[in-house]
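Comments concern the structure below.
Protein chains in written order, with the numbering used here: chain A, -12 to 417; chain B, 262 to 600.
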């Protein structure tokens, strides 16, 4: 063969390849925005731990009861960022996607998602926790997100340490002795004097977070007005500062090696947090098995975390997608996902099932559902605006400054409010 | 080009064809080699196409974006210079610049010194020197996210760092819980990552110094200290300059270390206690991808560009000054005369 000819062919082939790739990049998106275009299945994006892998393995082969429908799950590391990129580019958007507990941040762009009520969601409403259901409904009344799991919260505590300190240690006794945050702190003061070096809370940010989640109002109201400087937020701030003033905080950030060590060694004797922390504490403090108990959280029930599924407007088969959502998140499979992954069901009917009522050795044979079930049903309906993350970030920053750097709490509060208002005004919140 | 020629041409015919003729006539001499070399241009075009798509376009688009208000999904709204106006009055932004320079200084000075020492050691006749070179370079190619998690345990209150301090009789240090601790921790991570890289560059510089210079110094009876300060360091000057410039460029872009080390439980990273670890690029990231203020993020990016440009200008002046009076050559001349 002539070398020049083959070289020219090679050049032509490589150029053709590049051109075709570039055309492919743009062309595909133009014809259809769905990432599953041209395949025989629908796509669902989620992050590790958000959905049951066993159930997704089933739907990959075929969704039971819906002939011909296949839904393939894709575990995406940064689901939020990738989804945002796809929506901005109007290309490579999944048919169905998991959204986290900050689902409200998508409300300004609710038109990117289908109204699930128009697909028949309203007939399922009674099966789900009301506050969770409301959380997926945009202020316009369109329902853009369907409940996956939820995060009812409780007071976790070390019964052995409370016993040693001579404090009420049976779940019901402690719930009564620490029914309000102030009473809880009083318990903490006794704990501190009886067991020096043992703390009631890990950090003061957790006090702020959990007490604020008990409030129906957060940082921004339904009319997009900043209300974060009002009494309902200031009270939570004051509680957090009070826990520091009374030396009840170990001053250790959550999720750090120090925090894991402190729970394992019993330096932090209690924690107010969500049901999903059961998995975490069992791992980080495995040796303390049997010593923990759970009871009602001071100040009342609250929800912390839990995610949603949404169907995007690029979905190739909205009816099929909704059938999949109905199947995956129906009561029977919520129970299956709890058993497999510890995803706490948002369908209260299954709380009575034997699988949920099993005693837990880690909690000394206590049935955690006795605490988390009622907490899930009593959690308040909270209005989360699209801007809670923007508004709360400076507050958490200033709480850290107060706790670790000894910043004056009054100045810190003023700085936090100024920073929150600044960011919000830049985003169009009054 | 053709269109401009068409409108500009004083012509009687329908102007499009006239313009074409005109353009091809003026470009005639240039045009034929271009056409002859077309396959070559086509062959190198993939790089330029990809560079245009992934390099030029984002730069231009970010400039456009910095004059818009955009949350990533909705429609953009033109806001003129407002983002830049906000930026100039944003105390966190100014703090992030100060932080970046403080961390840069804390890391670069010890790093370059350490690198120089290591380069001297590697340059001497030692066994397994190749293995050492590889070992010193490995930190530079390790995943920064993974390493930051490891460093998270080193800097923990009950971590390796404090254990070491206690072992030598010192008290605990708030690596991640005090204002200077945050900066020192970040600087240590940068030193760990870049010392080996710079050591290898210094080593290359050392090996490029001609052996006659050492010989001449020895003949002149120079002590080893004199050799170091009168021969080696002057010869290394351009290499030192290079490492200073690259460290400045890298130092102004510190991001991953701070983002991962001080990630809050809500996923946001605001740079740790007192925002002492808030760097320019971390602030860009937080505003764009945390607060979804993409216009503001783009404005921060362009502010960073200005800072880097000023830095580059200073560096350029330094290079120019070294060019004028060349102490290295003048000393070499002296040696030559002596010989």
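Note that beta-carbon positions come from the ideal geometry of N, C-alpha and C, so glycine has one too. Quantities reported herein were computed from a predicted structural model and do not represent experimental measurements.
Leaving out five residues before and five after residue i in sequence, what residues of the same chain have Cβ atoms less than 7 Å from its Cβ?
| i | result |
| --- | --- |
| residue 234 (chain A) | 179 |
| residue 86 (chain A) | 93, 132, 294, 295, 297 |
| residue 62 (chain A) | 33, 34, 35 |
| residue 194 (chain A) | 188, 226, 227, 230 |
| residue 271 (chain A) | 247, 250, 251 |
| residue 126 (chain A) | 94, 209 |
| residue 168 (chain A) | 198, 226, 285, 286 |
Could you round the C-beta distance between residue i and residue j to whole angstroms and report it? I think they count as a contact, below 8 Å.
| i | j | result |
| --- | --- | --- |
| residue 447 (chain B) | residue 518 (chain B) | 5 Å |
| residue 573 (chain B) | residue 383 (chain A) | No, residue 573 (chain B) and residue 383 (chain A) are not in contact; Cβ-Cβ is about 37 Å, not under 8 Å. |
| residue 563 (chain B) | residue 299 (chain B) | At roughly 37 Å, the Cβ-Cβ gap does not stay under 8 Å, so residue 563 (chain B) and residue 299 (chain B) are not in contact. |
| residue 326 (chain A) | residue 336 (chain A) | Not confirmed; about 16 Å, so no contact. |
| residue 533 (chain B) | residue 443 (chain B) | 5 Å |
| residue 357 (chain B) | residue 544 (chain B) | 4 Å |
| residue 414 (chain A) | residue 547 (chain B) | 14 Å between Cβ atoms; not a contact. |
| residue 521 (chain B) | residue 410 (chain B) | 7 Å |
| residue 523 (chain B) | residue 497 (chain B) | Contact doesn't hold; Cβ gap of about 37 Å is too wide. |
| residue 240 (chain A) | residue 138 (chain A) | That pair is no contact at about 19 Å. |
Taking 8 Å as the CB-CB limit, is residue i close to chain A?
| i | result |
| --- | --- |
| residue 334 (chain B) | yes |
| residue 531 (chain B) | yes |
| residue 347 (chain B) | yes |
| residue 552 (chain B) | yes |
| residue 313 (chain B) | no |
| residue 534 (chain B) | yes |
| residue 289 (chain B) | Since pLDDT at residue 289 (chain B) reaches only 49, below the 50 mark, its modelled position is unreliable, and the value read off the structure follows with that caveat. False, the Cβ-Cβ gap to chain A never drops below 8 Å. |
| residue 329 (chain B) | no |
| residue 418 (chain B) | yes |
| residue 413 (chain B) | yes |
| residue 557 (chain B) | yes |
| residue 440 (chain B) | yes |
| residue 525 (chain B) | yes |
| residue 479 (chain B) | no |
What does the Cβ neighbour count give for residue i, buried or exposed, with the cut at 16 atoms within 10 Å?
| i | result |
| --- | --- |
| residue 492 (chain B) | buried |
| residue 366 (chain B) | exposed |
| residue 375 (chain A) | buried |
| residue 309 (chain B) | exposed |
| residue 81 (chain A) | buried |
| residue 119 (chain A) | buried |
| residue 388 (chain A) | buried |
| residue 558 (chain B) | buried |
| residue 238 (chain A) | buried |
| residue 112 (chain A) | exposed |
| residue 28 (chain A) | buried |
| residue 319 (chain B) | exposed |
| residue 321 (chain A) | buried |
| residue 471 (chain B) | exposed |
| residue 397 (chain A) | exposed |
| residue 392 (chain B) | exposed |
Quick check on residue i - is its C-beta less than 8 Å from some C-beta in chain B?
| i | result |
| --- | --- |
| residue 183 (chain A) | no |
| residue 383 (chain A) | yes |
| residue 68 (chain A) | yes |
| residue 326 (chain A) | no |
| residue 199 (chain A) | no |
| residue 248 (chain A) | yes |
| residue 71 (chain A) | yes |
| residue 231 (chain A) | no |
| residue 418 (chain A) | In the structure as shown, chain A starts at -12 and stops at 417, and residue 418 (chain A) therefore has no counterpart that could be examined. |
| residue 13 (chain A) | Here the model assigns residue 13 (chain A) a pLDDT of 44, short of 50, so the residue's position is not dependable and the matter cannot be decided. |
| residue 398 (chain A) | no |
| residue 82 (chain A) | no |
For residue i, is the beta carbon positioned less than 7 Å from some heavy atom of the ligand NAD?
| i | result |
| --- | --- |
| residue 231 (chain A) | Because no ligand of any kind appears in the structure shown, any question about the ligand NAD cannot be addressed here. |
Can you give me the Cβ contacts of residue i inside the same chain, cut-off strictly under 8 Å, excluding the 5 residues immediately before and after it?
| i | result |
| --- | --- |
| residue 432 (chain B) | 426 |
| residue 602 (chain B) | Nothing about residue 602 (chain B) can be read from this structure; chain B reaches only from 262 to 600. |
| residue 431 (chain A) | Outside the shown range of chain A (-12 to 417) lies residue 431 (chain A), about which nothing can therefore be said. |
| residue 176 (chain A) | 233, 235 |
| residue 399 (chain B) | 457 |
For residue i, I'd like the list of residues in its chain whose CB is within less than 6 Å of its CB, leaving aside the five on either flank, ordered along the chain.
| i | result |
| --- | --- |
| residue 39 (chain A) | 324, 327, 328 |
Considering only residues of the segment 131 to 180 of chain A, which uninterrupted beta strand (DSSP E) runs meet the minimum length of 3 residues and lie entirely inside it, listed in chain order? 140 to 145
Note down, one range per segment and in chain order, each alpha helix (DSSP H) of at least 4 residues found wholly within the segment 446 to 503 of chain B. Those alpha helix (DSSP H) runs which fall completely within the segment 446 to 503 of chain B and span 4+ residues are 472 to 480.
Ignoring anything shorter than 4 residues, give me the alpha helix (DSSP H) runs that lie fully in the segment 176 to 261 of chain A, in order along the chain. 191 to 200, 218 to 232, 244 to 251
Whole beta strand (DSSP E) elements within the segment 77 to 136 of chain A, 3-residue minimum: 83 to 86
Would you list, in sequence order, the uninterrupted beta strand (DSSP E) runs of no fewer than 3 residues that lie entirely inside the segment 522 to 549 of chain B? You should have found no qualifying run.
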